[in-house]
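Take 94 as the starting number for the sequence shown in this note's numbering and just add one per residue.
Backbone N, C-alpha and C fix where the C-beta goes; we use that ideal spot for every residue, glycine too.
Just so it is clear, the structure is predicted and the values come from calculations on it, not from any experiment.
Below you'll find the structure, written out as structure tokens, and then a few comments.
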Amino acid sequence: MPGGSTGCRRHPIPESFLSTQSQLKNGDIPMKKPPATHWLPDDGLTGTLVGRAWVPGPVPGPSVIVLRLDGVYDLSAHFATMSDLLDAADPVAQVRAAPGRRVGSIDQLMHDSGVQSDDPQVLRLLAPCDLQVIKAAGVTFAASLIERVIEEQARGDAAQADAVRRQVVELLGGDLAAIRPGSPQAMQLKALLIDKGLWSQYLEVGIGPDAEVFTKAPVLSSVGSGAQIGIHPGSAWNNPEPEIVLAVNSRGDTVGASLGNDVNLRDFEGRSALLLGKAKDNNASCAIGPFIRLFDASYSLDDVRRCTVSLQVEGLDGFALQGSSSMAQISRDPLDLVAQTLGAHHQYPDGVMLFLGTLFAPTQDRGQPGSGFTHQLGDVVHISSPQLGRLVNDVNHCDRVAPWTFGLRAFYANLSARGLRVQTADSTAP
Numbered sequence: 094m095p096g097g098s099t100g101c102r103r104h105p106i107p108e109s110f111l112s113t114q115s116q117l118k119n120g121d122i123p124m125k126k127p128p129a130t131h132w133l134p135d136d137g138l139t140g141t142l143v144g145r146a147w148v149p150g151p152v153p154g155p156s157v158i159v160l161r162l163d164g165v166y167d168l169s170a171h172f173a174t175m176s177d178l179l180d181a182a183d184p185v186a187q188v189r190a191a192p193g194r195r196v197g198s199i200d201q202l203m204h205d206s207g208v209q210s211d212d213p214q215v216l217r218l219l220a221p222c223d224l225q226v227i228k229a230a231g232v233t234f235a236a237s238l239i240e241r242v243i244e245e246q247a248r249g250d251a252a253q254a255d256a257v258r259r260q261v262v263e264l265l266g267g268d269l270a271a272i273r274p275g276s277p278q279a280m281q282l283k284a285l286l287i288d289k290g291l292w293s294q295y296l297e298v299g300i301g302p303d304a305e306v307f308t309k310a311p312v313l314s315s316v317g318s319g320a321q322i323g324i325h326p327g328s329a330w331n332n333p334e335p336e337i338v339l340a341v342n343s344r345g346d347t348v349g350a351s352l353g354n355d356v357n358l359r360d361f362e363g364r365s366a367l368l369l370g371k372a373k374d375n376n377a378s379c380a381i382g383p384f385i386r387l388f389d390a391s392y393s394l395d396d397v398r399r400c401t402v403s404l405q406v407e408g409l410d411g412f413a414l415q416g417s418s419s420m421a422q423i424s425r426d427p428l429d430l431v432a433q434t435l436g437a438h439h440q441y442p443d444g445v446m447l448f449l450g451t452l453f454a455p456t457q458d459r460g461q462p463g464s465g466f467t468h469q470l471g472d473v474v475h476i477s478s479p480q481l482g483r484l485v486n487d488v489n490h491c492d493r494v495a496p497w498t499f500g501l502r503a504f505y506a507n508l509s510a511r512g513l514r515v516q517t518a519d520s521t522a523p
């Protein structure tokens, strides 16, 4: 796999991005979403940026797209699904060779994606994945490992978190980031923590041999940049989780990366790990985007390994939160997480989008001292990385976000109505 970005021509971001303005309005929540301007990577269109968009037409529907210097191109005549594209022998070469059909300017796509609309004749971004299973690796950073232990010890009560945090950090001590999961050193630490009565299911997956890999969201349920993300109305302690998301095809090849928000309900999961599904999987609780950057001469897995993912939260109350997650501090290599997700033990014939976890767990007080962070309605969440761009979403309750209705049957009916045929890697009957 080519590494680094040395020697690649840099294509600037179109100048008009610096002045595009958009505002999001939804019900009685006065959204303060900023202009949908800088969603592209810092190096503009240098890389191979593919995604999915709702494309207007006689039969409007979701299409695979690519960004080029002169606009947005619909590739659905060549690849009916993103799974088809990522399963190609050489996705980058095939994207570059496919003429596609121009459907609008990048300015238009960015602007219209930042405005909530149910008009089927409006071009707007979708999550860049379709048939892939949405998986997520948890507790892959030492800092987030400690926070999971705190949630468990506090029984999901945010009011107890500050006191529990001091106790847990004092007992754990040292630098957990220096411990390789599954190593003899990790097993010695496990024995010590069991002796102290502090062993936890989170420590097991954090420093043990087996990673936590769970299903984050159903196929086709993820939202893209510009959409609202959903928080369960029964949650009083929740947070965004800014992560790198790997695009993995059916053969297990890692062919690109995107950004993701693994929205989490800390109070639900803290009460019981068996509530993980309820804490993680709700309407609009998974955001991915804005695009998938395919691995090519300008961008590789090594760039993923050394990148930093930044988070910014802006509240209607004037609250501001900033943080970052350095992939250099991940405790398991991304390819190890891929290998623990699919292989001889488990196949995914349409591929996987794999969240890699986050170092960042917000603890900044938003209310009373010691109360920690939780979302409020109308928060605007920015997740960014220099080579992947910016994923921007605003927060609402999941029962007030537009319901998810476009599932697999609707997707295939739409493809059929547009005369698009899905490719199959293996037509052998089960």
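Quick one: Cα of residue i to Cα of residue j, how far?
i: S293; j: A310; result: 25 angstroms
i: G489; j: K373; result: Looking at the sequence shown, residue 489 is not Gly but Asn. For N489 and K373, the distance between alpha carbons rounds to 15 angstroms.
i: N331; j: P192; result: 44 angstroms
i: L394; j: C379; result: 23 angstroms
i: N486; j: Y166; result: 24 angstroms
i: R493; j: K283; result: 44 angstroms
i: R359; j: R514; result: 42 angstroms
i: G120; j: L368; result: Residue placement at G120 is poorly supported in this model, since its pLDDT is 42, which falls under 50; the coordinates are not used for a value here.
i: G299; j: E305; result: 8 angstroms
i: L508; j: L449; result: 31 angstroms
i: R399; j: F453; result: 16 angstroms
i: F504; j: R364; result: 37 angstroms
i: E407; j: T517; result: 44 angstroms
i: R511; j: Q405; result: 40 angstroms
i: I227; j: D288; result: 37 angstroms
i: D136; j: S477; result: 13 angstroms
i: L428; j: G150; result: 40 angstroms
i: D396; j: P134; result: 13 angstroms
Report yes if the C-beta distance between residue i and residue j is below 8 angstroms; otherwise report no.
i: L387; j: T139; result: no
i: T558; j: S424; result: Nothing can be reported for residue 558: it is not among the residues displayed for the chain, which extend from 94 to 523.
i: V185; j: D389; result: yes
i: A320; j: V338; result: no
i: P221; j: V143; result: yes
i: N357; j: E336; result: no
i: R459; j: W132; result: no
i: F466; j: L409; result: no
i: P274; j: P302; result: yes
i: V431; j: V341; result: yes
i: G411; j: P455; result: no
i: P383; j: L218; result: yes
i: L352; j: L481; result: yes
i: S343; j: D180; result: yes
Consult DSSP for residue i and reduce its assignment to one of helix, strand or coil.
i: R514; result: coil
i: H439; result: strand
i: N332; result: strand
i: F504; result: helix
i: A254; result: helix
i: P127; result: Residue placement at P127 is flagged as unreliable, the pLDDT there being 44, under the threshold of 50; the coordinate-derived value follows with that caveat. It is coil, neither helix nor strand.
i: L484; result: strand
i: R273; result: coil
i: S343; result: coil
i: S509; result: helix
i: L428; result: helix
i: I476; result: strand
i: V397; result: helix
i: R161; result: strand
i: I423; result: coil
i: L352; result: strand
i: A413; result: strand
i: T434; result: helix
Out of the options, which one is the CA nearest neighbour of residue i?
i: H204; options: L216, L501 and D211; result: L216
i: H325; options: E244, S477, L447 and F361; result: F361
i: I272; options: D250, E297 and G290; result: E297
i: R502; options: D223, D458 and V242; result: D223
i: S419; options: S403, G512, A432 and A495; result: S403
i: M175; options: V157, P153, S477 and P496; result: V157
i: L313; options: S210, A256, R145 and T451; result: R145
i: S328; options: G317, K371, N342 and G290; result: K371
i: D163; options: S169, G197 and L238; result: G197
i: D212; options: A256, G154, A421 and R248; result: G154
i: A251; options: P462, L481 and G436; result: P462
i: C491; options: Q469, D200 and L414; result: Q469
i: I199; options: S210, L428 and R161; result: R161
i: G323; options: D472, S343, A340 and S464; result: D472
i: G500; options: N376, S417, L481 and Y441; result: N376
i: D426; options: L447, D180 and E244; result: L447
i: S206; options: V348, V148, L435 and R241; result: V148
Using a beta-carbon distance below 8 angstroms, is residue i in contact with chain D?
i: D389; result: Annotation note: the requested chain D is absent from the structure, which comprises a single protein chain.
Hey, is residue i close to the ligand ATP, as in C-beta under 7 angstroms from one of its heavy atoms?
i: Q187; result: You won't find the ligand ATP in this model; it holds no ligand whatsoever.
Curious, which full-length alpha helix (DSSP H) runs of at least 4 residues does the region 286 to 320 contain? 294 to 300
For a minimum of 4 consecutive residues, which ranges assigned as the alpha helix (DSSP H) are wholly contained in the region 177 to 222? 184 to 190 and 199 to 206
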